[in-house]
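Undergrad: Its first residue numbered 218, the sequence shown is counted upward by one per residue in my numbering. Where is the CB? At the ideal position from N, CA and C, for every residue including glycine. Got a structure here, written out as structure tokens. Questions coming.
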Amino acid sequence: MAQIMLKWIIITAGVIVGFLMLILAIGYLLKDNELKHRDYIEQQGLSSEKRIQTVLTDNIQPNTISTTLSVPVIKNNLTCVNDKQCVVSEINVANRTCAVAINTIGAAQLVKVEHFTDIKQCTDAESGMVAVCQQNLCQLIKSDN
Numbered sequence: 218m219a220q221i222m223l224k225w226i227i228i229t230a231g232v233i234v235g236f237l238m239l240i241l242a243i244g245y246l247l248k249d250n251e252l253k254h255r256d257y258i259e260q261q262g263l264s265s266e267k268r269i270q271t272v273l274t275d276n277i278q279p280n281t282i283s284t285t286l287s288v289p290v291i292k293n294n295l296t297c298v299n300d301k302q303c304v305v306s307e308i309n310v311a312n313r314t315c316a317v318a319i320n321t322i323g324a325a326q327l328v329k330v331e332h333f334t335d336i337k338q339c340t341d342a343e344s345g346m347v348a349v350c351q352q353n354l355c356q357l358i359k360s361d362n
């Protein structure tokens with residue numbers, strides 16, 4: 218009887234030691250992966266501000282970008298995950314109606330903004346404009362319809 222108990226204690230201790238070794242190995246791999254991920258992010262060197270400017274520059278005239286992004290509500294609410302989060306908001310600037318692609322949170326905040334004096338040039342609001350999520354940023358495109 219003592220030999221059977223000793224056998225089961227040794228098996229149980231072996232399983233527990235094996236389990237602890239597995240947990241330690243996984244912890245080491247996670248730590249190593251975290252360090253590599255941080256190094257990768259640092260090597261990319263693009264802050265979200267630069268990324269937004271780069272993506273928008275490809276689709277809009279340069280002077281439109283700098284003047285439209287001067288409004289913090291628009292600048293801080295461009296991020297998205299899918300097209301459902303982006304909407305076309307119309308803002309009135311100096312007797313003109315301009316279209317802006319913004320996420321739904323920003324659209325709710327944009328309603329509260331009264332003056333858009335910082336914007337000197339913008340995209341005219343047209344019926345064919347649609348807001349889409351491209352590269353995790355809301356952007357205006359002309360619809361094919």
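Tell me whether residue 343 sits in a helix, a strand or coil according to DSSP, three-state version.
TA: Coil, per DSSP.
Undergrad: By the three-class DSSP mapping on this structure, what secondary structure does residue 348 have?
TA: Strand.
Undergrad: If I follow the unbroken alpha helix (DSSP H) through residue 326, where does it start and stop?
TA: Taken as a continuous stretch (DSSP letters only), the alpha helix (DSSP H) holding residue 326 covers 321-327.
Undergrad: If you draw a straight line from the C-alpha of residue 354 to the C-alpha of residue 253, how long is it?
TA: So the alpha carbons of these two residues sit roughly 26 Å apart.
Undergrad: Alpha carbon to alpha carbon, what distance is there between residue 360 and residue 344?
TA: Cα to Cα, the separation comes out at about 9 Å.
Undergrad: Shortest alpha-carbon distance to residue 348 belongs to which of 317, 327, 323 and 330?
TA: Nearest of 317, 327, 323 and 330 to residue 348, Cα basis: 317.
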